[in-house]
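Here is the structure we will look at.
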Amino acid sequence: MGDITPTNERIQLLDTLRGFGVLGILLMNITAFGLLSPAYSFAGFDVSVDGGANLWAWMLVELFGEGSMRGMFSLLFGAGVVLFTTGDNAKSAATHYRRMFFLLLFGLFDAYVLLWFGDILVCYALCGAMLYPLRHWRPRSLIIVAIVVGTLSSLSYVFLHFALDYAHQAAIELVNATDPEALDPALKTAADGWRSFQADMVPASEILAEEQHARAGSYISAFAWNVSQTNDMLLFVMPFFILWDALLMMLLGMALFKLDVLRGGLSAPAAIRMALLGLGLGLAMNSWEVYRAVAADLSLLSVFAQVNGSYHLGRGAMTLGYVGLLAWLLQSGLWSGLLSRLAAVGRMALSNYLLHSVLAMLIFTGAGLGLVGQLSRAQLYPVVLAIWLLQLWLSPWWLARYRFGPLEYLWRTLTYGRVPGR
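Residue 233 in the numbering used here sits at position 228 of the sequence shown, and the numbers go up by one each step.
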C-alpha cells in the first residue's frame, strides 16, 4: 500500500501508479462485494455467452484489469520495501517489522470487521516480512528469483488444470457408465474429487439462498457468514495461491525500483516501448484466454484463473505496460489534472483501499442497504464509477488540508511511536 514518505520526498510516478492500481482493483473486487460468492472466480455463474451487458462487462475487465491491478499493487509494494529500508534514510529492521505488523492488523480488521474476505493486506504484510532480507540484492538476482517463482507457480497451475480435467472426465464417465461398480476405484476417487471441487465453486441453490439471506440480513449475520469465508481465504487460498502471486510481482517491483524504472527514470521513447510491448503482449494473451473461455461456454475450468498456465504472463505484461503508459503520460504533460488526482489517491492508498470495504459493506451487506445479489455484473460498474469519482475528488481535497491520509496518519503514528505533524 502507500508508503509514509514525507510529501517533499515523494516520487510522482509511484504515487500515480498506486492511485491507478487502487482504483483499478475495484473493477475486480466489486464482483465479490456485490454478487454471490461463486461469481468472483466463476463468471459462468452469472454470465451467458449469448451476449449482453454482463458478458461485455466480464470480457472488458478480463482483458484490461484481471490480475494486472493486483499485480500493480504488488509491484509497488515491493518498490516500497526497497524505498523504506535502503538508501540514506533507510529505516531499521525493527521499524520495518513494526510497520508490517500494523499492516497485518489493518488487514485483519478489513477482512473480519469490514467483511472483506478478499482482503490483500494480510498477504502483503507477510510478504513484506519475507522480503526484508532481500533488500540489498542486485536487480538481476531479484529478477531471476521472480522468474523462478513465476515459473513454478505457472507449472502448478498447469498441473492443477490437468488434474481437474482428468477428474472432470472421470465424473462424466461415471455418470455415463452402464455399470458404475465395474469402474476402476481410482476413477471413482477422481470423480468424487471433481464433484467436491464443483460443489465448492458452485454451491447448491439452498446454500446460495443461505448466503444471500446471511449477507443481506444484518451486520451480525453477514459477519458470521464472512468469518468462514475469510478463514478459508487466509488458511488455504492465500498460502497456496495469492502469496506466490504477490511475491512474484513484489520481487520484480524491487528490481525495477533499483533500476530506476519506478523512480521515473525511463526516457519517453523507452516508456513508449514498454507500454506498447507490455500492453500488446498482455492483450494478446488475455484475448486468447477470453476467446477460449467463451468458446468453452464459460465452463468452470476455462475461467478459473488458478488453472491457467499463461495467467502470470498475461497479467504481468499488462502491469508493465501500464507502468510504461503512465510514465510516458507524466513526461508528456497530457492529462496532468487527472494524473495529479490519481497521485493524490495513491498518496492515500491505504485509506482509499479500506474505504472500498466500508462503502461496499454499507451498500451490499445487512449493515446498510443489503443489495448483495440484487444487481447484475454490468450494473455494478456504475457503482464503481461513482466510487472512483468520489475518491478522485476527496483525496486532493483531504491532502490540501492534511499531510497524510487518515489511515496513513495512524499507520505512521503506530510505526514510529509518535504523532506526526500535519
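Beta carbons are placed, not taken as given, at the ideal position from N, Cα and C, and that holds for glycine.
Asked: Please name the residue, chosen from W61, L88 and A204, that lies closest to R268 on a Cα-to-Cα basis.; Found: L88
Asked: Taking the Cβ atom as the reference point for each residue, do V389 and L31 lie within a distance shorter than 7 Å?; Found: yes
Asked: Could you tell me whether the region 112-131 touches the region 29-49, using the rule of 3 or more Cβ pairs below 8 Å?; Found: yes
Asked: Does DSSP put E294 in a helix, a strand or coil?; Found: helix
Asked: Relative to the alpha-carbon of A134, which residue among L252, E71 and D55 has its alpha-carbon at the smallest distance?; Found: L252
Asked: Measuring straight from C-alpha to C-alpha, what distance separates N13 and R408?; Found: At N13 the pLDDT is 46, less than 50, meaning the model places this residue with poor confidence and gives no usable figure here.
Asked: Kindly give me the distance between the Cβ atoms of A191 and Y137, rounded to whole angstroms, as I take these residues to be in contact under 8 Å.; Found: With 8 Å as the limit, A191 and Y137 do not qualify as a contact, their Cβ atoms being about 45 Å apart.
Asked: What separation, rounded to the nearest whole angstrom, lies between the Cα atoms of E67 and I247?; Found: 18 Å
Asked: Could you give the C-beta distance for G29 and M74, rounded to a whole number, given that I count them as a contact under 8 Å?; Found: 4 Å
Asked: Would you identify the three-state DSSP class for M353, choosing helix, strand or coil?; Found: coil
Asked: Just to check my reading of the structure: D51 and R423 have Cβ atoms closer than 8 Å, yes? What is that Cβ distance to the nearest angstrom?; Found: That pair is no contact at about 49 Å.
Asked: Would G24 and L347 be called neighbours here (beta carbons separated by less than 7 Å)?; Found: yes
Asked: If you scan the region 70-94 from start to end, which runs of the beta strand (DSSP E) of 3 or more residues do you find wholly inside it?; Found: none
Asked: Rank L22, L335, S400 and M64 by C-alpha distance to the C-alpha of M33 and give the top, closest one.; Found: M64
Asked: Would you tell me roughly how many angstroms separate the C-alpha atoms of L419 and F106, rounded to the nearest one?; Found: 10 Å
Asked: Could you spell out where the alpha helix (DSSP H) holding A151 opens and where it closes?; Found: P144 to N181
Asked: Here's a check: name, in chain order, each residue in its chain whose Cβ is nearer than 6 Å to the Cβ of S362, leaving out the five neighbours to either side.; Found: D115, L119 and W121
Asked: Can you tell me where the alpha helix (DSSP H) with S46 in it begins and where it stops?; Found: P43 to S46
Asked: Would you call Q379 buried or exposed, if buried means 16 or more other Cβ atoms sit within 10 Å of its Cβ?; Found: exposed
Asked: So, M353 versus S400, is the Cβ gap smaller than 7 Å?; Found: yes
Asked: Return the chain-ordered list of same chain residues with a C-beta closer than 8 Å to the C-beta of A276, the five sequence neighbours on each side being excluded.; Found: G329, L330, A332, W333 and Q336
Asked: Contact between the region 279-296 and the region 311-329 is defined here as three or more beta-carbon pairs at a separation below 8 Å; is this criterion met?; Found: yes
Asked: Compare the beta carbon distance of C132 and M255 with 7 Å and say whether it is the shorter of the two.; Found: yes
Asked: Do the CB positions of L80 and T324 come within less than 7 Å of each other?; Found: yes
Asked: By DSSP, does L18 sit in helix, in strand, or in coil?; Found: helix
Asked: What did DSSP end up calling V66 once you bin it into helix, strand or coil?; Found: helix
Asked: Run the CB neighbour count on D250, radius 10 Å, all protein chains shown included, and call it buried at 16 or more, exposed below.; Found: buried
Asked: According to DSSP, is V54 part of a helix, a strand, or is it coil?; Found: coil
Asked: Would you tell me roughly how many angstroms separate the C-alpha atoms of Q17 and I152, rounded to the nearest one?; Found: 28 Å
Asked: Taking the straight line between their C-alpha atoms, what separation do you get for L22 and L343?; Found: 12 Å
Asked: Looking at L305 and M243, is the spacing between their C-beta atoms short of 7 Å?; Found: no
Asked: Anyone know if the C-beta pair for A298 and V308 falls short of 7 Å?; Found: yes
Asked: Suppose you measure from the CA of A310 to the CA of S46; what does that come to, to the nearest Å?; Found: 7 Å
Asked: In this structure, how does DSSP classify D5 when only helix, strand and coil are distinguished?; Found: The question about residue 5 has no answer, for the chain in this structure spans 6 to 427.
Asked: Going along the chain, which unbroken runs of the alpha helix (DSSP H) with 4 or more residues stay wholly within the region 266-346?; Found: 273-300, 305-308 and 316-337
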